[in-house]
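Numbering (the numbering used here), first residue to last: 1440 to 1822.
Even glycine gets a Cβ: it sits at the ideal position worked out from N, Cα and C.
Predicted model only: the values in this text are computed from it and were never measured.
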């Protein structure tokens, strides 16, 4: 007489035999929206069905969502933003992803189900978006979709990432046109009396990002040994000014050029005098570029001052970030190796540095190729 199988404990699911002879497992699993629902799995034998039941229980134990039906792309994108992107990535990254999901992906592709989303669907979406906006926007939306679908693959919700099968639009590269050396010197001369003069010197001579400049504290700067440590940045997002990690999440120590020492010493002396007059305990925050109350200056105000001084000096308008490209241009023109420029600027990839380096190296190539005129000059005919 066959022994009766023991009943599974609560929460372990059940296995029953169907009228068609197959076995059916039922397990309560977590849905992408956070609710729980019953998931069915089938097998020709009890052992095969039990193996599938155990796989579902492993996912339940690890907290992996298992949709009882194929989730819509909009449902997965919302879960991905809230449960994967927001807790793990920088706020600036979350905001960029969220805007592409809200403006483009959900309205134009959101009704498609994950398992039925195809590469032609993605290709049509990109073409439509490129026609409505720009190739750069479509390319970025493709990157966001590809990242979201890769997460769905890791969660085993889909077998493949169809976005990887579609070539993204080719966006035109932004033309880098930083100031020349003469223009840079003209700006520095015009900015000498500005309260943020030291900030502009750091941006031009060291290529610091705006948020990195605003996030500097005096204990990050060693004027005696001429070393500056970049370890945080200040950003404003959603109306809040906050400290954030550097881009790439790593600190970097950079030697201070001699031209930065006097502006920083003068700025510190003037700041100390101002705070003593107002009774502000500036040492409690220690920001290098701060308001009268000791708070870091608004990043946007640094840009506004930069534009105002440029206009006063009758210089062509560029972004403050272009001063960073100008620093890379001057360094590469002086023969500094791209790897060293990469470390100074804090690029995460050498390809970013090479984009600037390639732009600058054309002049060097022109000079080098001119030697061919001399080397291959036609010999004078013998008389």
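Taken in chain order, the unbroken stretches of alpha helix (DSSP H) that lie wholly in the stretch 1509 to 1594 and span 4 residues or more are 1512 to 1519, 1530 to 1539, 1545 to 1548, 1558 to 1571 and 1574 to 1593. In the pairwise beta carbon analysis, the stretch 1507 to 1522 is classified as not touching the stretch 1480 to 1493: fewer than three pairs are separated by under 8 Å. DSSP, read as helix, strand or coil, puts residue 1718 in coil.
Using a C-beta cut-off of 8 Å, the stretch 1637 to 1648 makes contact with the stretch 1764 to 1777, since at least three inter-stretch Cβ pairs fall below that distance. Between residue 1649 and residue 1741, the gap from beta carbon to beta carbon is short of 8 Å. The DSSP-derived three-state label of residue 1498 is helix. Here residue 1746 is exposed. Its C-beta has fewer than 16 other C-beta atoms within 10 Å. The Cβ atoms of residue 1662 and residue 1635 do not sit closer than 8 Å to each other. The Cβ atoms of residue 1734 and residue 1657 lie no closer than 8 Å to each other.
Cβ neighbours of residue 1567 within its own chain (closer than 8 Å, five residues either side excluded): 1547. Using a Cβ distance threshold of 8 Å, residue 1553 and residue 1516 do not count as a contacting pair. For residue 1491, the three-state secondary structure derived from DSSP is helix.
By the criterion of at least three beta-carbon pairs nearer than 8 Å, the stretch 1673 to 1687 is not in contact with the stretch 1750 to 1763. One alpha carbon belongs to residue 1685, the other to residue 1703, and they sit about 22 Å apart.
When DSSP states are grouped into helix, strand and coil, residue 1728 belongs to the coil group. In the displayed model, residue 1660 falls within a strand according to three-state DSSP.
Spatial neighbours of residue 1536 in its own chain (CB-CB distance under 6 Å, excluding positions within 5 residues in sequence) are listed in chain order as 1524 and 1583. Counting only residues of its own chain and dropping the five nearest sequence neighbours on each side, residue 1534 has a CB closer than 7 Å to the CB of 1676. When the Cα atoms are used, residue 1628 and residue 1652 turn out to be separated by approximately 20 Å. With respect to residue 1592, residue 1599 sits close: the two C-beta atoms are nearer than 8 Å. For residue 1692, the enclosing beta strand (DSSP E) begins and ends at 1691 to 1694. Between residue 1579 and residue 1503, the CB-CB gap reaches or exceeds 8 Å. Residue 1727 is classed as buried because its beta carbon has at least 16 other beta carbons within 10 Å across all chains shown. Bounds of the alpha helix (DSSP H) holding residue 1625 are 1620 to 1629. In the three-state DSSP reduction, residue 1456 falls in the strand class (E or B).
The C-beta separation of residue 1465 from residue 1477 comes to about 6 Å, placing the pair in contact by the 8 Å criterion.
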